[in-house]
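Trainee: Have a look at this one.
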Amino acid sequence: DFLYEMIPHHEGAVSISENYLDHGNNEDIRRIATTIIQQQLSDIKQMKALLDQLKSNPQVDKKQEKEYLKGYEAAYKKMMEKMEDAEPTGNINQDFLEEMIPHHEAAVKMATNILNYTTNEELREIATHIISGQQRQLEEMKHYILSRTNIDEKTFNKNRTKDWYLTSNELVQFEVIDKFVDTFEDIL
Numbered sequence: 134d135f136l137y138e139m140i141p142h143h144e145g146a147v148s149i150s151e152n153y154l155d156h157g158n159n160e161d162i163r164r165i166a167t168t169i170i171q172q173q174l175s176d177i178k179q180m181k182a183l184l185d186q187l188k189s190n191p192q193v194d195k196k197q198e199k200e201y202l203k204g205y206e207a208a209y210k211k212m213m214e215k216m217e218d219a220e221p222t223g224n225i226n227q228d229f230l231e232e233m234i235p236h237h238e239a240a241v242k243m244a245t246n247i248l249n250y251t252t253n254e255e256l257r258e259i260a261t262h263i264i265s266g267q268q269r270q271l272e273e274m275k276h277y278i279l280s281r282t283n284i285d286e287k288t289f290n291k292n293r294t295k296d297w298y299l300t301s302n303e304l305v306q307f308e309v310i311d312k313f314v315d316t317f318e319d320i321l
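Numbering (the numbering used here), first residue to last: 134 to 321.
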C-alpha cells in the first residue's frame, strides 16, 4: 500500500516543482524545486522497482494493513486540508512553499508510519531516505522563509507544530507578503 500511495505522491511533488520551474524566477526556490525533482524521480524509480519485485510474492497481513492505513489516511487528510486551504496569493514563491511544505510534511508522516509496520529492509531504507531527504528540504524552505522576513525562529517553529509555518495575519505581520490578493484587479 505504501508504494502504491507514495509513488503518485512523489509524482505530484515533481509536477508542482516542474510548474514552479516553468513560471518561477527566484533562484533559491528554483534550486529547491530542482532538488525535489531530482530526489523524487530517483525515489520513484526505486519504489517502482521494489513494487515490481513485491508483486511477484505479495505478503499481506490484513490487521497490520488496516492499522497502517489509519495512519496514512490521517496524514493524507491533513495534507489535503492544508493544500486545499491554500489560496493563491499572487506571489508564486509563497504559493509554491504553501503547497510544498504540507506536501513534504505528509510524506514524512507517511514514511514514518510505514516504518511501524514493515520488516522489508528495502522498503525501510526507502522510507528512511524519504524522511531524511524531505526533512532536509523542509529545513531549506524554513531557512528561505526565515532569511527573508523578520519572523523569529520561535514563532516559525510554534506555527510549524500546527503543520504550517504562519497564520494569514502573521504572513502580513512579518512582511512575508505585502497584502492579500482578493481579486484579479488587486494584481494589476
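Even for Gly, the Cβ is constructed at its ideal location relative to N, Cα and C. Note that the coordinates shown come from a computational prediction; the quantities given were computed from them, not determined experimentally.
(1) Taking E231 as the reference, which of K196, K275, R257 and P191 has the closest Cα?
(2) With distances taken from CA atoms, which of N249, E217 and P221 is nearest H236?
(3) From L279 to I264, what does the alpha carbon distance come to, in whole angstroms?
(4) Counting pairs of beta carbons, one from the region 236–254 and one from the region 202–216, are three or more of them closer than 8 angstroms?
(5) Rounded to whole angstroms, what is the Cα-Cα separation between N224 and I170?
(6) Measuring straight from C-alpha to C-alpha, what distance separates Q172 and K178?
(7) Is it a yes or a no for the region 135–142 touching the region 175–192, going by three-plus beta-carbon pairs under 8 angstroms?
(8) If distances are taken between C-alpha atoms only, which option among E286, Q267 and L271 comes closest to H143?
(9) Alpha carbon to alpha carbon, how far is D161 from Y277? Give it in angstroms, no decimals.
(10) Kindly give me the distance between the Cβ atoms of L187 and T167, rounded to whole angstroms, as I take these residues to be in contact under 8 angstroms.
(11) Does T261 come within less than 7 angstroms of chain B when only Cβ atoms are used?
(12) Can you name, in chain order, every residue of its own chain whose Cβ lies under 6 angstroms from the Cβ of E258, other than the five neighbours on each side?
(13) With DSSP run on the structure shown, which of helix, strand or coil describes T222?
(14) For L248 versus A260, is the C-beta spacing smaller than 7 angstroms?
(15) Excluding the 5 residues flanking E255 on each side, which residues of the same chain have their C-beta closer than 7 angstroms to its C-beta?
(16) Could you pull the start and end residues of the alpha helix (DSSP H) that N152 belongs to?
(17) Rounded C-beta distance between I149 and M212? I'm assuming under 8 angstroms.
Mentor: Let me spell this out:
(1) K275
(2) E217
(3) 22 angstroms
(4) yes
(5) 21 angstroms
(6) 10 angstroms
(7) yes
(8) Q267
(9) 8 angstroms
(10) Incorrect: roughly 30 angstroms between the Cβ atoms, too far for contact.
(11) No chain B is part of this structure, which consists of one protein chain only.
(12) none
(13) coil
(14) yes
(15) L183
(16) F135 to H156
(17) I149 to M212, Cβ: 12 angstroms. No contact.
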